[in-house]
Structure formats: structure tokens, C-alpha cells
Amino acid sequence: MTETVVPYVIPANAGTLTYQQAGVDYDRVDPIKRLAQQAARATAAQLAQHGVAEIAQSRGESAYVVDVGPFHLASIVECLGTKILVADAVYRDGGKSLYAAIAQDTIAMAVNDLITVGATPLVVQAYWAAGGSDWFADERRAADLIAGWKAACETCGVSWGGGETPALAGVVEGDTIDLGASCVGIVSPKSRLSLGDELAEGDAIVLLASSGIHANGVSLARKLAERLPEGYRTPMADGTTFGEALLAPTVLYAPVTEALARAGINVHYCVNVTGHGWRKLLRHPGAFTYRVTELPPVPPVLDFIAREAKLDASEAYGTLNMGAGFALFVSAAEAERVVAVAAECGVAAWVAGCVEAGPKRLVIEALDVVWGDDALQLR
Numbered sequence: 000m001t002e003t004v005v006p007y008v009i010p011a012n013a014g015t016l017t018y019q020q021a022g023v024d025y026d027r028v029d030p031i032k033r034l035a036q037q038a039a040r041a042t043a044a045q046l047a048q049h050g051v052a053e054i055a056q057s058r059g060e061s062a063y064v065v066d067v068g069p070f071h072l073a074s075i076v077e078c079l080g081t082k083i084l085v086a087d088a089v090y091r092d093g094g095k096s097l098y099a100a101i102a103q104d105t106i107a108m109a110v111n112d113l114i115t116v117g118a119t120p121l122v123v124q125a126y127w128a129a130g131g132s133d134w135f136a137d138e139r140r141a142a143d144l145i146a147g148w149k150a151a152c153e154t155c156g157v158s159w160g161g162g163e164t165p166a167l168a169g170v171v172e173g174d175t176i177d178l179g180a181s182c183v184g185i186v187s188p189k190s191r192l193s194l195g196d197e198l199a200e201g202d203a204i205v206l207l208a209s210s211g212i213h214a215n216g217v218s219l220a221r222k223l224a225e226r227l228p229e230g231y232r233t234p235m236a237d238g239t240t241f242g243e244a245l246l247a248p249t250v251l252y253a254p255v256t257e258a259l260a261r262a263g264i265n266v267h268y269c270v271n272v273t274g275h276g277w278r279k280l281l282r283h284p285g286a287f288t289y290r291v292t293e294l295p296p297v298p299p300v301l302d303f304i305a306r307e308a309k310l311d312a313s314e315a316y317g318t319l320n321m322g323a324g325f326a327l328f329v330s331a332a333e334a335e336r337v338v339a340v341a342a343e344c345g346v347a348a349w350v351a352g353c354v355e356a357g358p359k360r361l362v363i364e365a366l367d368v369v370w371g372d373d374a375l376q377l378r
């Protein structure tokens, strides 16, 4: 399943707007993450008193894994980030409530991370911190948030266990809400654990389609909206507005990974393409060259952002998902089956490239983009 994709070309006029200019600088954030990991690693010894042990290799991955005997236990906590401010603006300016979509986004941030280690998600907990009690008094948006949360749980086959709904005036700004979710799952049988032990030269890279911006790069999109004469009301080619296009809910990939497990397909490694964009394909700690030869179609809203923000290919693909929300690394012999299984789940997929022996780097041939080991430092 392929489409002809025109390589991205930076527009001739100036005025580039980068993610760093929008207030997100991973060069400042990532070192703190690594420092926190060092401190966290020292606490693993506490598990012995409970008769369980961590899977040390899971540190630095998208979810943390503990061996509890008959199965592995995986867990993750995530937040939505600033996409809520887009939903607030669309609701305030046009009266259109898209809080159900925002609920799915929040669950996707947690669940799509959890499944990268081969886990089946079981329980989701909610964290909804409002800027004041009045947020919950708007029954329409509150009902939409609840309905969207429940629907996303049903799609992923998880139980909504409960959560916390604090009113944090002075901490969370005014009439908005900070959304987060935690998720616990199991890896059973243990052979489903996917931490990259089997990743090897010759493996295929299969990319799963995104629905749009998902919940990464939104700070850039918000800053761009400030430049547009009509802001979030800027019309898009499909008849939606820029704000509405940004609020297309994030794809939930758990149905795909569960279907792959039922089909007996062994996934060697997984990556949730969120922060750092396509640089996330470098997440595995091993020394491999990842060569991408097929590009997925770019969702119109991401094409619009990249064009209007004057992003070159490296900045666009190193910040946004550009049409690929999840990556699966599998044996070349299984690649087309993976595409077929994903399609049965309603998710488009492409055999985008392969894993090669060589220095750690990502080569996107059609874009003439090459990132080395220093492009992603998460451990």
C-alpha cells in the first residue's frame, strides 16, 4: 500500500517558525530526563522486598516493566499537554465542543506508549486538574470529556479505574484543565515482551498512519495560529478550520498490536512517534542504520503547518509525525502481513524501509535527511 509522495521542499520566502521558538527545547529538557533516570534506577532494589524485579532494559523505553512471576507488569503515566488550549479556543470562539477528541488524545498518550513493550493495556486512571471548580459546571464539555474517555477505553479494551479531579486555582490557569492518564498492563505470555532484543539487520520498518498532529508539536501549531490572520478559524482545504483539523483525535494503536499478537506475528521493537518526531526511530540503544525509502502521505494539517511555518524537511520530520504515528520493526518476511493486519483494524500502514548494519543513524532518502546518534539522547 503506497502512494507517491513529493519530497518536502522549504518555501523560498523567509520567516521560519521552529519548535524551539515556540517554547519547546529538547536540548534543555532531555538532560533532566536522563538525570531523573539515574536517580530512578537506584530505586529498583526496593522491588526485591516484594519478591519481584524490574526488567532493567525497559528503563529509557516508553513504559516501565516489572517481572511479577507468571507475567510482566508494565506501567506508564502521560499528559496531554497544550492541545487542550486549542480545544478551549475552538469551543470559546465557535461553540464547537471537541472535548471527546481531547479525551481520546489523553488516553492515546498513555496507551500508545504502554503497548510499545508488548503489553496489553488493562486499566486507565484519569487526572483532570481544572483551573477552578467552574470548569466542571459546564455540563456540555464535561459530558463530552467523559463520553470520549469512556469510548477510548472501550476501543482499547481497558477498564477506567478512577482518577483525580482537583480544582487548582493559581496552579492551572483560569478556565482550562490539565489532562493526564496513567495506564497499567500485562505482558502475557512473557514472550510478547518487546524491548528490541531481536532487532536485527534486515528487519523491516513498518509505519502506521497518523490522523494528524496527534498531541505532539502542538505548541508550534499554537504559535503559528497567532500569525494567521484568522487564527484557528483559518479555513482548510477540506472545509474544516485549522483549529478543528488540529483536534482530530490521536489514533489508538492498541487494537493493532493486539491483533498482531493474535496473528502470531513477532514484533521485534516498537516506537510511538511523539516528541522528537521521526528521530524517535533512533530510540533503540543498539548501533543500527535505519533506512527509510517510502514516505507515508502527509496529513493536510501537517502539510499546512510545515508550509506556513517555513520548516525545512529536517525540522518538519524532526518535530512532527508527518503521517507516521507508530513504527513497528519486524522481520522482512512478516512485513506485508503486518500491513494487512493493520488494515483490518482500520489503520493504514506502509513498509517504509529497513534496518541495516552500520553506524547508528536514520536516513530518509527522499528528503536527503540524515540524523546520527546525537539526534536523540534519551538514556
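Residue numbering for the sequence shown follows numbering that gives the first Met the number 0, beginning at 0 and increasing consecutively.
No residue lacks a Cβ here, since even glycine has one placed at the ideal position from N, Cα and C.
Asked: Just the Cα atoms here: how many angstroms apart are LEU301 and GLY317?; Found: 13 Å
Asked: Apart from the five residues on each side of it in sequence, which residues of its chain come closer than 8 Å, Cβ to Cβ, to MET0?; Found: Low local confidence applies: a pLDDT of 38 at MET0 is under 50, so the model's placement there is unreliable, and no value is given.
Asked: Between which two residues does the alpha helix (DSSP H) containing PRO299 stretch?; Found: 299 to 307
Asked: If we call anything under 8 Å between Cβ atoms a contact, is LEU167 one with GLY130?; Found: yes
Asked: Take SER96 and list the residues in its own chain whose beta-carbon comes closer than 7 Å to its own, dropping the five residues that flank it on each side.; Found: TYR90, ARG139, ARG140 and ASP143
Asked: Quickly, what does DSSP pair GLU355 with across the bridge? List them, please.; Found: THR288
Asked: Which residues mark the beginning and the end of the beta strand (DSSP E) in which GLY371 is found?; Found: 368 to 371
Asked: Between the stretch 53 to 66 and the stretch 36 to 43, do three or more beta carbon pairs fall short of 8 Å?; Found: yes
Asked: Do LYS279 and LEU375 come within 8 Å of each other at the CB atom, strictly closer than that value?; Found: yes
Asked: Is it true that the CB of THR115 sits closer than 8 Å to the CB of SER193?; Found: yes
Asked: Can you tell me whether VAL170 is buried or exposed? The criterion is at least 16 other CB atoms within 10 Å of its CB, across all chains shown.; Found: exposed
Asked: Just the C-alpha distance for GLY324 and ALA100, rounded to the nearest angstrom, thanks.; Found: 16 Å
Asked: Using a Cβ-Cβ cut-off of 8 Å (strictly less than) and excluding sequence neighbours within five positions of LEU46, which residues of its own chain qualify?; Found: ALA52, GLU53 and VAL65
Asked: Report the CB separation of ALA125 from ALA43 in whole angstroms; it is logged as a contact under 8 Å.; Found: At roughly 28 Å, the Cβ-Cβ gap does not stay under 8 Å, so ALA125 and ALA43 are not in contact.
Asked: Please identify the residue among CYS344, PRO30 and LEU327 whose C-alpha is closest to the C-alpha of ALA199.; Found: LEU327
Asked: What residue range does the beta strand (DSSP E) around CYS269 cover?; Found: 266 to 271
Asked: Closest to ILE185 by CA distance: which of VAL340, VAL123, ALA244 and LEU79 is it?; Found: VAL123
Asked: Skipping 5 residues on each side, what residues in its chain have a beta carbon closer than 7 Å to that of TYR7?; Found: In this prediction, TYR7 scores a pLDDT of 45, lower than 50, which makes its location untrustworthy; the coordinate-derived value is nonetheless stated afterwards. Excluding sequence neighbours, TYR7 sits near ALA305, ALA312, ALA315 and LEU366.
Asked: Do you know how far the Cα of PRO165 is from the Cα of LEU245?; Found: 27 Å
Asked: For ILE83, does the three-state DSSP call read helix, strand or coil?; Found: helix
Asked: Assign PRO10 to one of three DSSP states: helix, strand, or coil.; Found: At PRO10, the pLDDT of 46 sits below 50, so the modelled position is not reliable; the number obtained from the coordinates is stated separately. Reduced to three states, the DSSP call for PRO10 is coil.
Asked: Just to confirm the assignment, what range does the alpha helix (DSSP H) spanning SER313 have?; Found: 312 to 316
Asked: Just verifying my parser: in three-state terms, what is the DSSP assignment at PRO295?; Found: coil
Asked: Under the assumption that VAL270 contacts GLU364 (Cβ atoms under 8 Å), give the Cβ distance between them as a whole number of angstroms.; Found: Rounded, the Cβ-Cβ distance is 19 Å, inconsistent with contact.
Asked: Under 8 Å between the Cβ atoms of TYR98 and ALA88?; Found: no
Asked: How many angstroms separate the CA atom of ILE9 from the CA atom of LEU319?; Found: Confidence at ILE9 is low in this model, with a pLDDT of 41, below 50, so the placement of that residue is unreliable and no value is reported for it.
Asked: Using beta-carbon positions only, say whether ILE75 and ASP112 come within less than 8 Å of one another.; Found: yes
Asked: Alpha carbon to alpha carbon, what distance is there between ALA41 and VAL368?; Found: 38 Å
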